[in-house]
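For what it's worth, the working numbering labels the leading residue of the sequence shown as 18, then goes sequentially. A virtual CB, placed ideally from N, CA and C, is assigned to each residue, including glycine. It should be emphasised that the depicted structure is a prediction, and the values quoted were computed from it without experimental measurement.
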Amino acid sequence: MSASPSGRSVATAPDATPAKTADGGLRDDPAAFLGLSREECIELLRQLVVSRRFEEKAAEVYQIGKIGGFCHLYTGQEAVAVGAISPLRSDDYVITAYRDHAQAIVRGMNPDAVMAELYGRVDGCSRGFGGSMHMFDASLNFMGGHGIVGSHLPIAIGAGYAIRYRGGDQVCLCFFGDSVVNIGAFHESMNMAARWKLPVIFVLENNRYGMGTDFRRVAAVKELKDRGLGYAGLTSLDVDGMDVLAVRQVMEEAIERGRTEKTPSFIEARCFRYMGHSMADPTHGTYRTREEVEKWRSDDPILSFSRRLIEAGRLSEEEYQTMDREAIEVAERAAAFADRSPLPDPEAVYRHVYSDRYPDDVRRRDAWRKEFR
C-alpha cells in the first residue's frame, strides 16, 4: 500500500518476488496456510485491505466534518477481525464493542451501509440511529457494537445460553478491549460461561491502551490471558493478533470446542491500534511515543501476510496492487453513497421509544419539540 488519501502512512506494498525451490518451482506449503486454498488466502487478504482502506476513508471524511460524534478506528487490528470472523458459519453470532466498523464489514455488512451509518443517514445499517459505535445487522447475526465498556459481555452470555437452550451447535464470538478485564461484568460473564458450559468465545483485543492508559499500569495480572485461569472449563490462551493465520488457527480450535464440547474460550489477541483511541485522540506524543507506534507499524498485518503470499507464489505484485485499487474504490463508493443518503426525518427521534405509537400527552410535555414543527 502507499500513503492514504488522508496522508496517513499505511503498509507499503512488499517488494518481493515468488521464492523458488531447488528445482526452480515455487515454494508453496499448504500446511503453512492452515490448509487454505490460494483463493481462500487471497480473500483473507482482500478483507484486510478493504477494512484498512475503509477506515482511512472514514478518517478523511471525519476530519472535514461529515461524521459527527466519536469515531473509533480499527487501523492496525484488522488481522484480529479477519482471523476470528472468517472461520465462523453464517448462523454463528458476533457481538463487539464500539470499535466495530471492520468487524461489521468482515462479517458481511455492505460497506455502503456502514459508511452511511457513520454519517447518521437513513441508509445506514441502523437507519442512522446508532452512528459509529452501534453497527447492527440481525440478518448476519451481527448483534451490534456497544458503546458502554463491557456492557455487551452479558449479552454474549445470553446468546450462548440461547444456543444451549435450543440445542444448537452455533458459537457466539465476543470482541472487547483490554480495559474490560478490570470490570465486574467481565468476571461475571466468564464465570457464567464456564459454569453453564456456554459456547462463547471471548476475544480480548489487547491493543495495550485502554483509551490513554497503558494496561500494565492498571492490571495487577500483567498476562491478561491468565485472567481466565480462575474458571474451570474455560480455555485461556494468547495469540499474535498481528498474524491473521495465527488468529484463525486458535479460532478454529475454539470453534470446535464450542460446537462439540459446549465449552467457552478466552483468547488474548495481542495487537496495536495505529490511530489514537478515537479521532479526538492524537496518534502519538501524549501517552505513546512515535517510536512505539512506528515499531508496531513495522509488523503491519497486511504487509506481513501479503509478503507471505507473494513469497509462496500465491499472489503476484500486480494482483496485490489491483486488490488495493479495488479496496480504495469500495471506500470511495461507500462515501459517495453516504453523501447521497438523506438525513432522517426529525420525527424519527420518536421511533422505537415505545412499542406502540408515541403518546400524545407525552409529546405535549416535550417543550423542545416545537423545534420540529
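Cβ-Cβ separation, residue j to residue i (assumed contact under 8 Å), whole Å
i	j	result
S358	Y136	7 Å
F289	L65	Contact doesn't hold; Cβ gap of about 15 Å is too wide.
G100	V310	Rounded, the Cβ-Cβ distance is 22 Å, inconsistent with contact.
F153	S143	5 Å
I102	V67	The Cβ separation is near 13 Å, so there is no contact.
N223	L251	Going by Cβ atoms, the distance from N223 to L251 rounds to 17 Å, so no, they are not a contact pair.
V347	R70	7 Å
F188	I218	It is Val, not Phe, that sits at residue 188 in the sequence shown. About 6 Å; that satisfies the 8 Å criterion.
E95	P318	6 Å
A130	D140	7 Å
D255	F232	Wrong, their Cβ atoms sit about 13 Å apart, outside the cutoff.
A119	A355	Not really, about 17 Å apart at Cβ, beyond 8 Å.
I327	E334	7 Å
I112	G147	That belief does not hold up - the Cβ atoms of I112 and G147 are roughly 14 Å apart, past 8 Å.
Span separating the alpha-carbon of residue i from that of residue j
i	j	result
I200	V166	9 Å
A365	G145	10 Å
A39	L332	With a pLDDT of 45 at A39, under the threshold of 50, the modelled position of that residue is not reliable, and the figure given next carries that caveat. For A39 and L332, the distance between alpha carbons rounds to 20 Å.
C191	A114	9 Å
K74	Y91	12 Å
K312	H294	18 Å
R368	L170	27 Å
V97	R124	12 Å
W213	I81	49 Å
G85	S149	9 Å
A48	P216	28 Å
E269	P363	46 Å
D257	C58	18 Å
R274	T280	6 Å
Y248	E205	11 Å
G185	D341	39 Å
H151	H163	6 Å
R324	L61	13 Å
L157	I180	16 Å
A76	N127	18 Å
A236	V197	11 Å
I172	H89	22 Å
L51	V267	11 Å
Cβ neighbour criterion (16 or more within 10 Å) applied to residue i
i	result
M259	buried
M228	exposed
G245	buried
A211	buried
Y110	buried
Y291	buried
T306	exposed
L105	buried
Y371	exposed
A353	exposed
A155	exposed
E285	buried
L360	exposed
Helix, strand or coil at residue i [DSSP, three-state]
i	result
M132	helix
V188	coil
T339	helix
F159	strand
N223	strand
S282	strand
D195	helix
R116	coil
D154	strand
Y79	helix
R124	helix
I180	helix
I319	helix
V166	coil
A28	For A28, the predicted model reports a pLDDT of 38, less than 50, meaning its position is unreliable; a value from the coordinates is still stated below. A28: coil per DSSP, three-state reduction.
Below-9 Å beta-carbon distance, residue i vs any chain C residue
i	result
V97	The structure shown contains no chain C; it is built from a single protein chain.
(Q) Please give me, in chain order, every unbroken run of the beta strand (DSSP E) with length at least 3 that falls completely inside the stretch 228-270. (A) Complete beta strand (DSSP E) runs here, min 3: 252-257.
(Q) Give the list of continuous alpha helix (DSSP H) stretches no shorter than 4 residues that lie fully inside the stretch 37-77. (A) Fully enclosed alpha helix (DSSP H) runs of 4 or longer: not present.
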